[in-house]
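Participant: In terms of the working numbering, the sequence shown opens at residue 175 and continues consecutively.
There's a structure below that I have some questions on.
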Amino acid sequence: MFVNTITLVLCLASLATAHFSIEYPEMRGDSFAEGASQYIYPCANVNHTAQTNRTLWPLDGGSVALDLHHPWSYVFINLGLGTDSPSFNISLTPSLLNVTGNGTYCLPKVSLPAGITPSDGQNASIMVATGGRNGVALYNCADITFTSNATTLEGDACQNSSNVVGTIVTASSTSPTTNTTTGETTTPTSAGVSHSTSMMTTGFFAALGAVFISWAL
């Protein structure tokens, strides 16, 4: 009985460390709490309530900081406009991000796509999806309010862990190139541009696509 208990505790600890959290904007709630699960789209079964905290975010896009626990993760960020249960149909990462290393990964500014112009005071939610070696997607959400008074994180407030590097995954199968980047998702963070057509990448894209399509129907 004691051995079984220890095994269960170790398994639960392993599951917890293999997941991730949104450090900024403030995450909607505890996705490890009873009834919640990061395997559940779109927000880990953590529902919006009247007490949900909302972080003020700039009108043209703001910072996103994650605490990642896998040796590497694919990261995908979507936006949904509205207060309660928005459709996360606006991609803030047109290309999938591949983040190597576990720890803090911070994007100083995630720009809004052209044509997306939220009004001052408009509520929205950010959904972050990650995928790892097993190809299973994990989800968390953060709630924001757009405002002209908000600023992005700067300096030490938005620093990657020393072992964390982010690259872009493209559909090209040609030889890789390297680009110096600025930290915006339009010109991705970190030094490399990854060209990958692996089954893992394809599977993660397909899984996300299927979920987004089913959510929109």
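Where is the CB? At the ideal position from N, CA and C, for every residue including glycine.
The structure presented is a predicted model; accordingly, all values stated were derived computationally and were not measured.
#1: Quick one: what does DSSP say G329 is sitting in, helix, strand or coil?
#2: Would you report the Cα separation of T321 and S195, rounded to the nearest angstrom?
#3: Would you tell me roughly how many angstroms separate the C-alpha atoms of Y313 and M301, rounded to the nearest one?
#4: So what's D241 in DSSP terms, helix, strand or just coil?
#5: Between which residues of its own chain and I318 is the CB-CB distance below 8 Å, once the five residues before and five after are set aside?
#6: So L271 and I342 are in contact, right, with Cβ under 8 Å, and what is the actual spacing, rounded?
#7: Quick check on E158: does DSSP put it in helix, strand or coil?
#8: In the structure shown, what three-state DSSP assignment does T226 receive?
#9: Rounded to whole angstroms, what's the CA-CA distance from A390 to E328? Just pull it up for me.
#10: Got a sec, what are the start and stop residues for the beta strand (DSSP E) C315 sits in?
#11: Should T267 be labelled buried (16 or more other beta-carbon atoms within 10 Å of its own) or exposed?
Facilitator: The short version:
#1: If DSSP states are grouped into helix, strand and coil, G329 belongs with the helices.
#2: Distance between the alpha carbons of T321 and S195: 24 Å.
#3: The straight-line gap from Cα to Cα measures roughly 7 Å.
#4: strand
#5: P199, R228, T229, L230, W231, G236, N297, A298, S299 and I300
#6: 6 Å
#7: The structure shown does not extend to residue 158, since the chain is modelled only from 175 through 391, so no value can be given for it.
#8: DSSP, reduced to helix, strand and coil, places T226 outside both helices and strands of the structure shown, so it counts as coil.
#9: For A390, the predicted model reports a pLDDT of 37, less than 50, meaning its position is unreliable and no value from the coordinates is stated.
#10: Run containing C315: A311 to F320, per the beta strand (DSSP E) assignment.
#11: Under this definition T267 is a buried residue.
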